[in-house]
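Position 155 of the sequence shown, counted from 1, bears residue number 566 in this note's numbering, the numbering being contiguous throughout.
What follows is a single structure, written as structure tokens, with notes after it.
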Amino acid sequence: MSIILLIEQALNGLQFGVMLFLMAAGLTLIFGVMGLINLAHGSLYMVGAFAAAATAAATGSFLLALVASLVFAAFAGVIVETVVIRRLYDRDHLDQVLATFALVLMFSEGTRWAFGSFPLFLDKPEWLSGTVMLPFGIEYSLYRLTIILVGLAVAAGLFWMIARTRIGIRIRAGENDREMIAALGVNISMLYTLVFALGAALAGFAGALIGAIQSVQVGMGEPVLILAFVVIVIGGIGSIKGAFVGAILVGMTDTLGRQLLPMFFGLFMEPAAATSTGASLASMAIYLLMAGVLLFRPKGLFGGA
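Listed below in structure tokens is the structure:
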């Protein structure tokens, strides 16, 4: 593999990691602040993707599609939190798993009823199509580069909000001692709704961004949800910094593993066998990474930090 191709694949891994961070950030906030296991988070990713695809088809505007993904996912998050999730905070995790799994089924069937079983397609705008020339003669997709830059900007804004703003202080306080901030007069129900809506909006935004790369279809959020859980386990539950580092590690490991492992096995195996073995091990690489991190850091890289 040439150095240029390796750098291109590393950029693909960074793009994948940034997308996973948008998904995992909301999930880790929800679990860290509320102590809630939310299996329906992937459905909010799907809602954002479908809202973006439908808005783009109706208006022809990609920017309006992105705004729609944020608004509809956040609105769906508020409805879910106030109608269902609010009744689960004092229940054990098994009840939360069962209730949010039921929400997954409801979202899937509701989306299939509204949009049908066939996938939708979200076209990239012309001004984000094509490639851009990077240093060292690297030609890279302009849209994927835009995802990286937008994702990093969102991550920076999220870090700033958590660390520097009043609402960020309340979120961190709610994560550490929710009873105390409630006693100090903070409306804990409003805080929970806000956190859930923020997490839903981030997931929906990720779904809209990736919807222009792959098809938008029912059930698209569940595989990403599994990876998001891997990310927050690696990074540490409740840690935004951990979610970011974990997402980049998972994105790089998955993308580079799928390219490098078949090449490695190709040195001493037949090409077909090398490709099959390398692909199989590459699909396991992120879980081996998670096991390795937990072996030395049972709470994740930044758990409890």
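For glycine and all other residues, C-beta sits at the position ideal for the given N, C-alpha and C.
These figures come from a predicted structure and were not determined experimentally.
- Here residue 542 is exposed. Its C-beta has fewer than 16 other C-beta atoms within 10 Å.
- Judged by beta-carbon spacing, residue 688 lies within the 9 angstroms limit of residue 673, meaning their Cβ atoms are closer than that value.
- Bridge partners of residue 552 according to DSSP: 542.
- Counting other Cβ atoms within 10 Å of its Cβ, residue 449 reaches 16 or more and is therefore classed as buried.
- Counting C-beta pairs with one atom in each stretch, the segment 468-487 and the segment 572-583 have fewer than three that are closer than 8 angstroms, which means they do not touch.
- When DSSP states are grouped into helix, strand and coil, residue 489 belongs to the helix group.
- The shortest C-alpha to C-alpha distance from residue 648 to any of 705, 546, 623, 700 is the one to 705.
- Between the segment 480-500 and the segment 599-616, the count of Cβ pairs shorter than 8 angstroms is three or higher; the stretches touch.
- For residue 419, the enclosing alpha helix (DSSP H) covers residues 414-445.
- The beta carbon of residue 597 sits closer than 7 angstroms to the beta carbons of 581 from its chain, once the five residues preceding and following it are set aside; these are given in chain order.
- Within the segment 653-678, no complete alpha helix (DSSP H) segment of 4 residues or longer occurs.
- Taken through DSSP and simplified to helix, strand or coil, residue 627 comes out as strand.
- Residue burial annotation: residue 506 is exposed, with fewer than 16 other C-beta atoms found within 10 angstroms of its C-beta.
- No Cβ-Cβ contact shorter than 9 angstroms links residue 697 with residue 424.
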